[in-house]
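First comes the structure, then the notes that go with it.
2 protein chains.
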Amino acid sequence: MVEQLDTVFHALADPTRRAMVRTLAAGERTVTELASPHPISLAAASKHVKVLERAGIVRRTVLGRRHVCRLEPRPLAAASDHLRFYERFWNDRLDALEAFVDPEESR
Amino acid sequence: MVEQLDTVFHALADPTRRAMVRTLAAGERTVTELASPHPISLAAASKHVKVLERAGIVRRTVLGRRHVCRLEPRPLAAASDHLRFYERFWNDRLDALEAFVDPEESR
DNA sequence: ACGTTAATTAACCGATCGGTTTCGCAGGCA
DNA sequence: TGCCTGCGAAACCGATCGGTTAATTAACGT
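Okay, structure coming up:
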């Protein structure tokens, strides 16, 4: 669990994978259900799910031949926390920073 | 500006690049300064900066032969907003979700 | 028992990645 | 003028990526 941020951000860098995560936000889905909106093969979708799983974003429960996936919030929360560190830049400190760095662009 | 989330998340997937962003959070830096903490060549660091620039995370100002980089908060804010969408999963709805999906694990 | 369905695995492909080394070039300095 | 410095560009490398097709396994329905 050292630096899973690598895998989390990498997983989110792909639009297909982000769409899958959005879908999973609405509820659990099988691999085929996750694949269906996308113009890719089931094998490709299976790989995407595996990437999300490796990142810890998705948990799988095998029910018979169906693999039911659901969202695991913690890695997303970790990534969100990482980004929230920079919140000060687009809040209070933003104007001051721009004024300091590039005075003629502050207005 | 269509879907820069791809490039932003991809940029953040690399620990070296994340370290550079952290450094830039403390103030502007030249490419050489950004490279110095890392055991890579200057050319490699230059590539990293270009990736951050393509993602819109970094802005470059050429001053003589020095390229001064500074943080651009908006793309990071966009990525943060994207993740904040899932906030409900690690807040109020988390318990309910787990109880629904996996009843015997809710306690 | 048989065919269908859900999914993984393996092999393969071209593209991209992250690094290197080398070269080039413009800016600062003696 | 001539040299060092800061940086980008190009060529190259092995590794990984995202996709395919084909084969395989296991579970379900009839």
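Note that the protein sequences, when read in sequence, are chains A and B. Add 11 to the 1-based position in the first sequence for the numbering used here, that's all there is to it. Add 11 to the 1-based position in the second sequence for the numbering used here, that's all there is to it. The beta-carbon is built from N, C-alpha and C at its ideal position, and this holds for glycine as well.
CA-CA distance, Ala-66/B to Gln-15/B, rounds to 6 Å. A direct Cα-Cα distance of roughly 19 Å separates Asn-102/B from Phe-96/A. Where Arg-29/A is concerned, the enclosing alpha helix (DSSP H) starts and stops at 26-36. In the assembly as shown, Leu-53/A is an exposed residue. Its beta-carbon has fewer than 16 other beta-carbons within 10 Å. Sequence-ordered contacts of the stretch 75-92 of chain B with chain A read Arg-81, Leu-82, Pro-84, Arg-85, Leu-87, Ala-88, Ala-90 and Ser-91 [C-beta pairs closer than 8 Å]. In this structure, the beta-carbon distance from Leu-87/A to Val-19/A falls below 9 Å.
The C-alpha of Val-62/B lies about 32 Å from the C-alpha of Ser-47/A.
The three-state secondary structure of Arg-71/B, taken from DSSP, is strand.
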